[in-house]
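In the order they appear, the protein sequences are chains A and B. Heads up: the first sequence is residues 15 to 114, going by the working numbering. Heads up: the second sequence is residues 138 to 399, going by the working numbering. Beta carbons: idealized from backbone N, C-alpha and C, even for Gly. Small disclaimer: the values here were computed from a predicted structure and weren't measured.
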Amino acid sequence: MFRKIILLTIIFYLLALWQASFFVHFPIFGVTPNLILIAVILLNLFEKPEDYGGLWGSFIAGFFLDVFSGSFIGFYASICLAISLFMKLVFKRYVWASFG
Amino acid sequence: MRTSSQRRVILTIIIGVALILSLNFWQNPVKGFFYSSSASLQQVLWGAGNDAADLFKGFLNSKKLQQENEQLRLTVQGLLSENSTLKELRRENALLRNALEVGPAKTFQLALAEVVSQDISQDTILINQGKKDGLAVDMPVVTQENVLLGKISEVYDKFSRVILVTSENSSFDAKVSDADITGVIKGRGGAQLTLDLVPKTKELKQGDLIITTTLGGVYPKGLLVGTVRNAQKSDTEPFWRTEISPLFRANELSYVFVILNL
């Protein structure tokens, strides 16, 4: 678990740098897709139901988004965490429950 | 009934959120630390992104570029002739200033800064000059061509965040160049600008150049803002509904200038 969190921290840090300094040069129809939000969704989508690494990962991802954007620290961290919690809840109640 | 592991996770998350929110008390040092430690990598990424985007656009728009090139060639010819007239006028102006003993036009003290990154909402950029270089909040930021980009919204030790004029939080007074038409420029987010509060009795047309005025004391006068892209009159509104094309693209900026003295 600890190793997973460290790995996610490094990945999301690099993704945040990539998003803020490289990916902004490639807007699609004037909008730059948010790589980190996409990664957060994918992370929670493919995580096992008993794992909680996705929650930590989402929180860390949001923190790096906050650092490299103009918003106050905690804004994106809360949003990403909320997305992650919501996905976990929906998956637990409606998806994994049907397999259980 | 909740298991103890679930309770532990929820408790940890609550503590984590509280901890992160408390970081706002030291927001400047925290962000400054990350900006300083990532600056070299970000500069490389920004440069690489700029080059890759240019190459990509070249492939995609080769035909369009050819037409644009032809159009620009004609514009350059027109500007060259205008330039020679203006040079003559400048010489004349200098002579008159000497004769009337009026001092030279106020010049700005500028600081050169490199763009390091852009916010994902695209309405702020980060530059590699900060408090230690004499920068302060509300200082205007321009390009080499005197195009207004915005003003400094946050200052860290070695970095500053610039809020662009296209941001939804930006509004300032502006006027149409060579005409007595003033209005308020408002940012709409996503590289969009509008010119509001221009009475319908005034004549606006597509291509009109918009410049800053000293009204409001936010920016010095004469900085270029954009050109009128679309101006429409509505029967129900007393003012023009005007869209402005900014004269810059935030993701194509490399170097900017900060005006240190207004």
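According to DSSP, residues forming a beta bridge with residue i
| i | result |
| --- | --- |
| Lys323 of chain B | B:Ser308 and B:Thr331 |
| Leu361 of chain B | B:Val284 and B:Ile348 |
| Leu192 of chain B | Per DSSP, none; premise fails for Leu192 of chain B. |
| Pro383 of chain B | B:Gly363 |
| Val45 of chain A | A:Ile42 |
| Val279 of chain B | B:Leu285 and B:Phe394 |
| Glu251 of chain B | B:Tyr392 |
Exposure label - residue i; buried when at least 16 CB within 10 Å
| i | result |
| --- | --- |
| Pro63 of chain A | exposed |
| Pro241 of chain B | Below a pLDDT of 50, predicted positions are generally treated as unreliable, and Pro241 of chain B, at 44, falls in that range; no measurement from the model is reported. |
| Ile87 of chain A | buried |
| Asn230 of chain B | exposed |
| Gln369 of chain B | exposed |
| Asn220 of chain B | exposed |
| Leu51 of chain A | buried |
| Tyr108 of chain A | exposed |
| Ser72 of chain A | buried |
| Ile396 of chain B | buried |
| Phe78 of chain A | buried |
| Val213 of chain B | exposed |
| Leu163 of chain B | Note that residue 163 of chain B is Trp in the sequence shown, not Leu. Exposed, by the Cβ-count rule. |
| Ala45 of chain A | The question names Ala, but residue 45 of chain A in the sequence shown is Val. When all chains shown are included, Val45 of chain A counts as exposed. |
| Ile101 of chain A | According to the sequence shown, residue 101 of chain A is Met rather than Ile. Classification for Met101 of chain A: buried. |
| Ser142 of chain B | exposed |
CB-CB length for residue i against residue j, believed under 8 Å
| i | j | result |
| --- | --- | --- |
| Ser314 of chain B | Leu346 of chain B | 4 Å |
| Leu69 of chain A | Leu95 of chain A | 7 Å |
| Val299 of chain B | Ile289 of chain B | 6 Å |
| Ala248 of chain B | Phe394 of chain B | 7 Å |
| Ala75 of chain A | Val54 of chain A | 5 Å |
| Ile322 of chain B | Leu332 of chain B | 6 Å |
| Leu182 of chain B | Leu31 of chain A | 6 Å |
| Gln180 of chain B | Val253 of chain B | 6 Å |
| Val335 of chain B | Gly354 of chain B | 21 Å between Cβ atoms; not a contact. |
(message) With three or more beta-carbon pairs closer than 8 Å as the criterion, would you say the region 157-177 of chain B touches the region 69-89 of chain A?
(response) yes
(request) Inspect the CB distances between the region 248-268 of chain B and the region 379-396 of chain B and report whether three or more fall short of 8 Å. (result) yes
(message) Below 8 Å, how does it come out for the region 336-351 of chain B and the region 373-389 of chain B: are there three or more Cβ pairs, yes or no?
(response) yes
(request) Spell out a yes or no on whether the region 352-368 of chain B and the region 277-288 of chain B are touching, meaning 3 or more CB-CB pairs, one atom from each, closer than 8 Å. (result) Yes: at least three Cβ pairs fall under 8 Å.
(message) Check whether the region 291-310 of chain B and the region 266-276 of chain B are in contact - that is, three or more C-beta pairs closer than 8 Å.
(response) yes
(message) Can you pull out the residues from the region 71-89 of chain A whose beta carbon lies closer than 9 Å to at least one beta carbon of chain B?
(response) Phe73, Gly76, Phe77, Phe78, Leu79, Asp80, Val81, Phe82, Ser83, Gly84, Ser85, Phe86, Ile87 and Gly88
(message) I'd like to know if the region 32-50 of chain A and the region 177-192 of chain B are in contact, where contact means that at least 3 CB-CB pairs between them fall below 8 Å.
(response) yes
(message) Under 7 Å, CB to CB, which of the residues in the region 152-186 of chain B have a partner in chain A?
(response) Gly153, Val154, Ile157, Leu158, Leu160, Asn161, Gln164, Val167, Lys168, Phe171, Ser175, Leu178, Gln179, Leu182, Trp183, Ala185 and Gly186
(request) Please name the residues in the region 310-336 of chain B whose beta-carbon is closer than 8 Å to at least one beta-carbon of chain A, in chain order. (result) Gly327 and Ala328
(message) Counting only Cβ-Cβ distances shorter than 8 Å, please list the residues of the region 285-312 of chain B near chain A, keeping chain order.
(response) Ser290, Glu291, Arg298 and Ile300
(request) Determine which residues of the region 266-282 of chain B have a Cβ less than 7 Å from any Cβ of chain A, and write them out in chain order. (result) none
(message) Along the region 28-46 of chain A, where does the CB come closer than 8 Å to a CB of chain B? Name the residues.
(response) For the region 28-46 of chain A, the beta-carbon criterion of a distance under 8 Å to any beta-carbon of chain B is satisfied by Leu31, Trp32, Gln33, Ala34, Ser35, Phe36, Phe37, Val38, His39, Phe40, Pro41, Gly44, Val45 and Thr46.
(message) Which residues of the region 381-396 of chain B have a Cβ closer than 9 Å to any Cβ of chain A? Give them in chain order.
(response) Per Cβ criterion, the list reads Ala387, Asn388 and Glu389.
(message) If the cut-off is 8 Å on Cβ atoms, which residues from the region 208-233 of chain B count as contacting chain A, listed in chain order?
(response) Near chain A, meaning a CB-to-CB distance below 8 Å, no residue of the region 208-233 of chain B qualifies.
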